[in-house]
Amino acid sequence: MEKLVYINDRPVVWEGETNVLDLARKAHIDIPTFCYHSDLSLYGACRLCMVEVEGRGLVTSCSTEPFEGMRVKTHTQQILQLRKTIVEMLLANHDQECPKCSRANDCKLRDLSNRLSIDEVRYRRTRDFKPMDLGSECLVRDPNKCVLCGDCVRFCDEIQGIGVIDFARRGQDVNVAAAYGKSLQQVDCVNCGQCAAVCPTGAIVVKPHIDKVWEAIYDPQKTVVAQIAPAVRVALGEMFNLPPSELNMGKLVAALRVIGFDQVYDTAFAADLTVVEEATEFINRKSNGGKLPIFTSCCPAWVKYAEHNYPSLLENVSSCQSPQQMFGSIAKEVLPEKLNVKKEDLVVVSIMPCTAKKYECKRPEFIHDGIADVDWAITTQEIGRMIKEAGIDFASLEPESMDLPLGFATGAGVIFGNSGGVSEAVLRYAADKFNIPVPESIVLQEVRGVSGMREAILADGNLKMAVVHGLRNAQELCDKIISGEAEYDIVEVMACPGGCTGGAGQPIVHSRKQRHKRTEQLYHADRVMTLHRAQDNPFIQELYKSLLEEPNSDKSHHLLHTAYKHRKRIDDDELSLSTGEGKDRCKIRVCVGTSCYLRGSQDILAKTLQMVEDNAWGNYFDIAATFCSEKCDKGPNVSVGETVIHKAELSQIKDLITKEAQRRVK
Amino acid sequence: MPNLEQIRDRYNEARALCKKRVVICAGTGCIANGSLKVFDAIKNAVALAGMEVTVSLKSEDPKEHKHHDVYMIGSGCQGFCQVGPLVMIEPNGIMYGHVKPEDAEEIVSRSVAKDELIDRLIYQDPVSGQGYKGPEEIPFYTKQSRTGLKDCGNVDPKNVNEYIAHGGYFAARDAFTQMSSEEVCKLYQDSGLRGRGGGGFSTGLKWDFARKAEGDKKYVVCNGDEGDPGAFMDRSILEGNPHSVIEGMLIAARAVGADEGYVYVRMEYPLACSRIREAIKVATEMGILGDDVFGTGQSFHIQVMEGAGAFVCGEETALLSSIEGRRGMPNPKPPFPAQKGLFGKPTVINNVETLALVPIVMQQGPETYRKVGTAKSPGTKTFALTGHVANTGLIEVPFGTTIREIVFEIGGGVLDKDGKINNDAFKAVQIGGPSGGCLTREHLDLPLDFDSLGSIGAMVGSGGMVVMNDSTCMVETARYFMTFTQHESCGKCVPCREGTRQMLEMLEDVTKGEATEATLDLLEETGRTVKLTSLCGLGKSAPNPVLSTLRYFRDEYEAHVKARYCPTKNCKALTPITIDPEICVGCTLCKRVCPVGAISGEVKKPHKIDPMICIKCGACISACKFKAIS
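Below, the structure written as structure tokens:
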């Protein structure tokens, strides 16, 4: 028996939708909302999705479960008026600088204001200007545009398992902030940018580097080459209302040439190279008893996440650079001669679906003698805007092909853009070695899928792979690997939902369906290519002959591999609490990192401050709370002057302070 | 398993050996007025008088039972805060007020050693001057029905034996040893007990939901996050009778099958925190709490969680978030805590006053309990009575009592702006704190209960009751409460965060004379929107003070807006410019400079300004050579 719910008096079949809002969408009613997001927990803060349920009155549709025979009204006079008033309240606290906002055409607040025909805000503007966070290389946060829906906060916490931003303060002062109000680049943000992708307004956006690219293009000294990441080709068309098609890649190549790029290459070429290097690294580890599982290293957000949170697993992460960086490295090595240009005049611009790539290309290990392997990384969104800035009629461009040799790729490099793609590409490379039958279609269904955590057991159990996307899933997996609960040979980690196709540099998606289309399209792009295995790429073979000798050779290690380091979560070692004015001051530092805190460091700190105050010794000491001295097993860690005390006890600290103070009193 | 009968009997035996029992109120109000010094002074005076005094009655072992002349305790709040510090002497039933340490000697020599009454220390009616000996005579007490507060202010909160001797823990024992969970839930449903935290939901029903909810673990949470300005009911109970709350939690735990409980108290209540902690420790040592509750093999442990004092944490879902270590922000309901509460487990959350009433309901039986109060709101309710009223303090009355009875009889009448009792000066009563509404003279005879108050735009809330006289500006009152809620909004949902802020701005405009009639319309519409659409109770009730004053005192708002005049002269910007007739010589200069012709008067006679015409330009003030205008 069908269960019916009546929405605006019209029957709708209820098929287990968990809330009225989803059910209404099925009935073609788009109830406005800022904070409802099907992938995130229920929040119920924007109050815009209110509907009237017979017998219950006004309820928020996001939090109301349907029941059989339920009668719902979605747009009564009262509801529309309430929605208008709420949007007016939001607008009064919004900077309303829409023409200057990069999200202007894709802003829910603007859209809603328009939909509700708001032509006047009756409320006084209450907004005080709040400073923007411009510190990050990848993202810009503008609290003046924030509607406090909490989507970014929940995504970062629930999907990425990081929680780098959260609400601070209350009432009218509430704002989204990183720990201690620091900038994103000072904390353990991994730059995945998903906060920007879920933001309904322009409060978090991708940091643009368009101007830098134009500057390079306009500089006659410079030769500017582009590399286009796999996932870009299946998403850019969305910005020009084009249906997904492999032809969009050819149009993009043409557009880049019109813009003024001197050469247009494919990051998928470098992805082929990554497959060869990484698979070889894996095979070596597997046969020589090296560290397993091997974690993929293509995703810079994941790499930074591991550096912050899993120092013990860093040796497991493949030493291979990501395709973007391998491309840059090879380009700066071979192109100066080939294009007859000085190395310092060669500018490599990568066009990426990703915000973290902006950070990756600025990592010091990828900059040699002041010359970066990749000069600028811009996102799909940004290249779309450059095309628009240049006035190019993208839709009617004739497709063109990429330049050789770095523009030639196999399907293996192309599917890197999908979660599971790296694993599949590596499998295609190593199938022979492990006697894994590869079907005619070359599709290895085992590693495909949409679930955030998948596993594939191949070669009669000899090859165990895990594919995860979303860092919360990665966290779960890492914990299981550390505890010994799970064992794998290869683990592929992508920070973004669905992998790079769901990257935060891509045009804003409004549904999971849209993202899945990109995934399908990328697999389609692989299908229509002639070659599907990285080792079959003739230009890769050529590169090994002419430059790299063989996979994992010294030369390739020098050019294509890297190393990782443990990073603190807060990029700041102390928080000054009391500063004296005396000349010869003694510095007291108390670690208040989690481990020391749990061992009572907070109490030591409070009592130390009290003691100094009670004795009026304020001028003799500088007292600071430090964040993780990274000797967690020896906590609480305290230093008084030059003396470092592990497993500190209050009495001991008090004695030392007294001695230091007495010395200064004299 | 503790033998409650034996504890009770031995306590009573030991107590019978004491001649006098002196109870000094050590509630927060009296402590602030110096009651601890009074305690010491009386203790010293007793010793000096050569009498034998004890402050901790040893009752466990009959061999230790001793004769004492005086048994002294510091109690929790006795309620009559207006006349604190309070000293009660039993068995004479004497209550002394405004006691100072200097009075100690006389109290001891006359009323403790002998049975004399010191007239100057007893309560005297401020109008008639009639003196009253003690609680059995003082109208403040005789008009009340102290039920939940009966032992608060009488028992020693630090002595569990005294609580047991007063009948404590018998109900919890019965619940655990003789009743099933269903029976306990049914008893409370039959009693009609409703939650005293503000919502007024049936306690028995709530428990029954949690009982039926599936879960491998269940919790009982006591909400002690009392935050209304001026409200101190929960604080007083936690300080004065902590075991009653523990017993209530035990019965709730039995009703739902919980094995763990939390008491959430704000850290601004340090005495309440330490009293409840101490009581939990004692109860655990006695086997009342712990792994073997009353020898049944069932466990129930209670932890105290100190909140940081955010008002919104009194909202149950925000409180649970806070206990979980997350930001104290409310979550949408459903799911209700009874289904999915603390750490995702079925949870019963009741406020302190409700839990303190729980053992009493079982002691009395549901039928007896229902006899007091109204049909739909049985029992009694405590209120913190403050404001322009002769007797402030903590009171408890049956539901159905009228405001008239509370203010004019228990409260002893309204104080006018000169501090004199004058019932004609009554203007309004604000009930339910910042979430409540203002009631007027027309509601004086309304029987107070959950439903009657809801029907007129107010609410019982947690029970704050502020009496206001005719010198109070209602716009300013609304603005005051709005400042509070606006400041305490957690900022999660849009209407509460942005709406309260806009409402506050508009109210400020009104008090500054910068508002128009359109402001009032928008204020009202915004208030309705916030009320209808906010996520939690804080936001849903935040507009009540504004909406109710707009409803009952619209003319006062309009005077501010249209005539730019504050009738009570509270709003500085709207206080009219006046001419002092004593100084004015009638030179007519002011009349001539007034651009709007607001000044009238004959030559050489004092002039007058019509506030309805005056635009407060100040031209007359600068023109007057005699400084007669201000």
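In order, the protein sequences belong to chains A and B. Under my numbering, the first residue of the first sequence carries the number 4, and numbering increases by one thereafter. Under my numbering, the first residue of the second sequence carries the number 119, and numbering increases by one thereafter. Idealized CB from N, CA, C, for every residue including glycine.
| Query | Result |
| --- | --- |
| Proximity to A:Gly58 [Cα-Cα], best of A:Cys65, A:Ser44 and A:Val75 | A:Val75 |
| For A:Met614, three-class secondary structure by DSSP | helix |
| For A:Leu466, three-class secondary structure by DSSP | strand |
| Other residues of its chain near A:Cys52: CB distance less than 7 Å, five sequence neighbours each side excluded | Leu24, Ile34, Pro35, Thr36, Tyr39, Thr63, Ser64 and Cys65 |
| Members of the stretch 610 to 629 of chain B that neighbour chain A once the beta carbon cut-off is set at 7 Å | Lys610, Cys611, Val612, Pro613, Arg615, Glu616, Gly617, Arg619, Gln620 and Glu623 |
| Cβ-Cβ distance between A:Arg570 and A:His311 below 8 Å | yes |
| The beta strand (DSSP E) enclosing B:Gln548, as first and last residue numbers | Phe544 to Ile549 |
| B:Val400 to B:Pro360 span [Cα, whole Å] | 11 Å |
| For B:Gly202 and B:Cys148, believed in contact at Cβ under 8 Å, the rounded distance | 4 Å |
| Proximity test, Cβ basis, 8 Å: A:Gly174 and chain B | yes |
| Start-end ranges of the alpha helix (DSSP H) lying completely within the stretch 189 to 266 of chain A, minimum 4 residues | 197 to 201, 213 to 221 and 250 to 262 |
| When B:Leu665, B:Arg710, B:Ile717 and B:Cys732 are compared against B:Thr693, the one with the closest alpha-carbon | B:Cys732 |
| Nearest neighbour of B:Ser520, chosen from B:Cys712, B:Ile549 and B:Ala436 [CA to CA] | Reading the sequence as shown, one finds Thr at residue 520 of chain B and not Ser. The candidate whose alpha carbon is nearest that of B:Thr520 is B:Ile549. |
| B:Gly529 and B:Ser666 closer than 8 Å at C-beta | no |
| C-alpha gap between A:Ala489 and A:Ser444, whole angstroms | 31 Å |
| Assigned secondary structure, B:His561 (DSSP; H/G/I helix, E/B strand, else coil) | helix |
| Proximity winner among A:Ser139, A:Val143 and A:Gln84, relative to A:Arg118 (alpha-carbon distances) | A:Gln84 |
| Beta-carbon spacing of A:Asp492, A:Lys467 below 8 Å | yes |
| Short CB-CB distance (under 8 Å) between B:His605 and chain A | yes |
| Touching by the beta-carbon criterion (3+ pairs, under 8 Å), the stretch 171 to 187 of chain A and the stretch 624 to 642 of chain B | no |
| Those residues which DSSP pairs with A:Leu142 across a bridge | A:Val209 |
| Whether A:Val470 touches A:Gly423 by CB criterion (8 Å) | yes |
| Chain B within 8 Å of A:Ala206, Cβ atoms only | no |
| Test: A:Met92 CB closer than 8 Å to a CB of chain B | yes |
| A:Asp191 versus B:Met351: straight-line alpha-carbon distance, rounded | 46 Å |
| For B:Asn341, the first and last residue of its enclosing beta strand (DSSP E) | Tyr337 to Gly342 |
| Environment of B:Arg672 [buried if 16+ CB atoms lie within 10 Å] | exposed |
| Best match in B:Ile142, B:Lys137, B:Lys161 and B:Asp179 for proximity to B:Asp127 [C-alpha to C-alpha] | B:Asp179 |
| Closer than 9 Å at the beta carbon, the chain A residues around B:Glu642 | Result: empty, since nearest Cβ-Cβ is about 12 Å, beyond 9 Å. |
| Straight-line gap, B:Gly211 to B:Arg384 (C-alpha atoms, nearest Å) | 35 Å |
| Stretch-stretch touch, CB-based, cutoff 8 Å, three pairs: the stretch 145 to 159 of chain A with the stretch 369 to 381 of chain A | no |
| Near the ligand SAM: B:Val490 beta-carbon under 7 Å from a heavy atom | Although the ligand SAM was asked about, the structure shown includes no ligands whatsoever. |
| Which of helix, strand or coil DSSP assigns to A:Val450 | helix |
| Burial state of B:Lys690 (16 or more Cβ within 10 Å) | exposed |
| Pick from B:Ala331, B:Met583 and B:Lys494 that is closest to B:Thr558, judged by C-alpha positions | B:Met583 |
| Beta carbon of B:Ala349 nearer than 8 Å to that of B:Gly194 | no |
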